[in-house]
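Working notes for the structure below.
Protein chains: 2
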Amino acid sequence: MSVDDLAGHVGEWLRGTGPLSDIVISSRIRLARNVVGFPFLSRASEDDKKEIYRSLGDALSNAGFGSNSFFVDIENISDVDKQVLVERHLISRQHAEGEGSRGVSVSMNETHALMINEEDHLRMQVLRSGLQLDSLWNEIGEIDDRLAAEIEFAFDDDLGYLTACPTNVGTGLRVSVMLHLPALKITGEIEKVLRSAKDLKLAVRGLFGEGTDAIGDFYQISNQVTLGTSEEEIIETFSSDIIPKIVEYEREAREALSEQRSVQLDDKVWRAYGILENARAMASEETMFFLSHLRLGVSMGRFDQLDIGTINELFLQIQPAHLQKLNGGKLSGEQRSIARANYLRERLGNNN
Amino acid sequence: MSVDDLAGHVGEWLRGTGPLSDIVISSRIRLARNVVGFPFLSRASEDDKKEIYRSLGDALSNAGFGSNSFFVDIENISDVDKQVLVERHLISRQHAEGEGSRGVSVSMNETHALMINEEDHLRMQVLRSGLQLDSLWNEIGEIDDRLAAEIEFAFDDDLGYLTACPTNVGTGLRVSVMLHLPALKITGEIEKVLRSAKDLKLAVRGLFGEGTDAIGDFYQISNQVTLGTSEEEIIETFSSDIIPKIVEYEREAREALSEQRSVQLDDKVWRAYGILENARAMASEETMFFLSHLRLGVSMGRFDQLDIGTINELFLQIQPAHLQKLNGGKLSGEQRSIARANYLRERLGNNN
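Protein chains in written order, with numbering that gives the first Met the number 0: chain P, 0 to 351; chain W, 0 to 351.
Take a look at the structure:
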């Protein structure tokens, strides 16, 4: 298994299944850990990094993460391959753009990604389509236990797990849920929702984490505080309160659109289809914008030319690195726009 | 023959035939005349207007303009019917929006429109597709002669024909050519062309004359000076110099687009098609914008899903009054947008 093998299919985060999957794209839990006896990465030498890389690699292997998983040595793959992993949410941008020894162990179904030498020595991520934080919590707990049996993580009785960035100290937990909120965007109510989220000390980010915009109407909601709250509390609040509330707002906005502005709604959906089906050059961001409207139309049962699975797949395949993989080589920005439009016409069955 | 009978077909100005008709939509010559013995309309009483209306009506009839023509009593038709005449370029906006006795005699093929009580007592217009000012000049001369044999027009030996507005005094002639200049618009060179036109004391207007924007990339070029130049001089300059030059600029811009920016060009054309074929609500102005890009694609032989005749017809039929005629009743702005999108989908063969 290699990065090449990944690129052709849809992966986990856009699978489009699981609870509330019309609005909840995916759920993700991440734990940050550091290995006892090594400095944090900000102060680690290249030799330290190599040693951490080796030690964690051994631990993964001893804990049985060799089978049903594959390991990617990020330092020694191409930029396009790194970007493929980012686009599939298997590594972070920071991890891709970092330097020195680093890698990721990915389970075959892409639900687990164990990043070595990202911001912390180890970042464990589990990811599933739809809203399923409880089962993810069990999964990541099991991974954590298996690894903790092989290697010692830095832990302080008062503070909890020690992490490179103080915001992660404590549980080292980050819970993130990716939502698709096109109706709230169209009605303009999204700002209100985002303000409330910020009041609750939640972080709201775009498709690819920190510093990215909400292109395609994708919003990633994460906890920011890890110290002084239990893991279970955070997950419970997300599962039973925060996410269901936002989902409810989005549903209400969809209902309002279909009752009061159904023509404008259908107009947005069909124009999106008309452009995706006919354009000769498309930038990534506008493609996401139009795919978002198509997804809304399909989710609301107002558009049946495509199924949600195809649209989810398109969201991934039109990303720059995936597109280059599909085309078998590095492309300039302009070439990508043309290749993207060609690919979309082909997938949408337009032979013109 | 009535206004109702007109609305269903394409009329003269968008017929799409005649010399240089890929770029020159239509040519128009207008003469302004006033009847001796009556004040200019700005100072005429309602009784004066009635008397002028009657006298000119008689003159038209005696000169044989009853056969092969039909007469519309503008004072007594609906606003939608007035607007249909404006959209077909058979009367001016001012004529439609005026007050009191006024009318127009229109030839069956819509090449002649003789307006009574517009800004002057009589405005004679002849109109043809493509660039054909010479034959129009013969046509309007013949009309002028036939009428002058029946009624006396105000004429001063020094000044020439007397008109309500000083800019028309002299020959009373206005020559207008409607051009479709989408490539100059796309390349941005249109501003330079328009500046040159203004330096030559030409007026540049939009689709419906004074005070209208160049929607759909239609530009109407007219002379402004009538005093001190002969009719033949004006027509000769338009036919052999001004218009061929602008046509040449547009052709060069089209060539540059197809050589240097062919993907962007095709992209514009196909997106226009995708939107026109799929939208559920369309405003008039954006429809013109997209039809303009389609027309460019067809003219350049880069798009063959439609012929130029259909596109020209759509330019006319999507106008507000024509659309209401097609739908058999008065529609609000929102209803028109929906009706326009429905009509376009039907005409473009989209059954979705």
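We put the CB at the ideal spot given by N, CA and C, even for glycine.
Between L201 (chain W) and I185 (chain W), the CB-CB gap reaches or exceeds 8 Å.
In this structure, the alpha-carbon of G169 (chain P) lies about 9 Å from that of S229 (chain P).
In this structure E312 (chain W) is in contact with L13 (chain W), their Cβ atoms being roughly 7 Å apart against a cut-off of 8 Å. Around the C-beta of E258 (chain W), fewer than 16 other C-beta atoms lie within 10 Å, and the residue is accordingly described as exposed. A Cβ of chain W is located within less than 8 Å of the beta carbon of R270 (chain P).
Residue-level contact by beta carbon holds for E276 (chain P) and chain W, with a gap shorter than 8 Å.
S238 (chain W) carries a helical assignment under DSSP once its states are collapsed to helix, strand and coil.
G65 (chain W) sits in coil when the DSSP states are folded into three classes, being neither helix nor strand.
The closest CA to that of P181 (chain P), considering only P:F154, P:V246, P:K329, is found on P:V246. Inclusion of A43 (chain P) and Y160 (chain P) in the CB contact set at 8 Å is not warranted, their separation being larger than that value. Within the stretch 326-339 of chain W, the residues whose Cβ lies closer than 7 Å to any Cβ of chain P are, in chain order, I337. Shortest Cα-Cα distance from M123 (chain W) to any of W:A112, W:Q131, W:N116 involves W:A112. Here H321 (chain P) is buried: its Cβ has 16 or more other Cβ atoms, across all protein chains shown, within 10 Å.
When Cβ pairs closer than 8 Å are counted between the two stretches, the stretch 335-350 of chain P is seen not to touch the stretch 82-100 of chain P, the count staying below three.
A Cβ of chain W is located within less than 8 Å of the beta carbon of V262 (chain P). Under the three-state reduction of DSSP output, G169 (chain W) falls in the strand class.
In the displayed model, Q316 (chain P) falls within a helix according to three-state DSSP. For H94 (chain P), there is no enclosing beta strand (DSSP E); the residue is found in the alpha helix (DSSP H) stretching over 92-96. Between the stretch 299-313 of chain W and the stretch 286-302 of chain P, the count of C-beta pairs closer than 8 Å stays below three; the two stretches do not touch. Rounded to the nearest whole angstrom, the C-alpha separation of S104 (chain W) and W269 (chain W) is 41 Å. Using a Cβ-Cβ cut-off of 7 Å, A163 (chain W) is close to nothing in chain P; its nearest Cβ partner there is about 46 Å away.
Boundaries around A271 (chain W) are those of the alpha helix (DSSP H), 261-277, since no beta strand (DSSP E) includes it. DSSP places I115 (chain W) within a strand segment (E or B) once states are collapsed to three.
At a cut-off of 8 Å between beta-carbon atoms, G273 (chain P) makes contact with chain W. Pairing L130 (chain P) with S26 (chain P) gives a Cβ-Cβ distance under 8 Å. Of all C-beta pairs linking the stretch 46-60 of chain W to the stretch 326-335 of chain P, fewer than three are shorter than 8 Å, placing the two stretches out of contact.
A direct Cα-Cα distance of roughly 16 Å separates K267 (chain P) from R339 (chain W).
Against D265 (chain P), the close residues of chain W are R279, in the order they occur along the chain (beta-carbon pairs closer than 7 Å).
The shortest CA-to-CA distance from S106 (chain W) to any of W:N137, W:W136, W:S77, W:I142 is the one to W:I142. Secondary structure at N75 (chain P): helix, using DSSP grouped into helix, strand and coil. Shown here, V246 (chain W) sits in a helix according to DSSP, grouped into three states. Counting only residues of its own chain and dropping the five nearest sequence neighbours on each side, Q223 (chain P) has a CB closer than 8 Å to the CB of T166, K200, L201, A202. For the set P:A271, P:D198, P:G102, P:P243, the Cα lying nearest the Cα of S20 (chain P) is the one of P:P243. Using a Cβ distance threshold of 8 Å, Q316 (chain P) and L325 (chain P) count as a contacting pair.
By DSSP's assignment, H179 (chain W) forms a beta bridge with W:F217.
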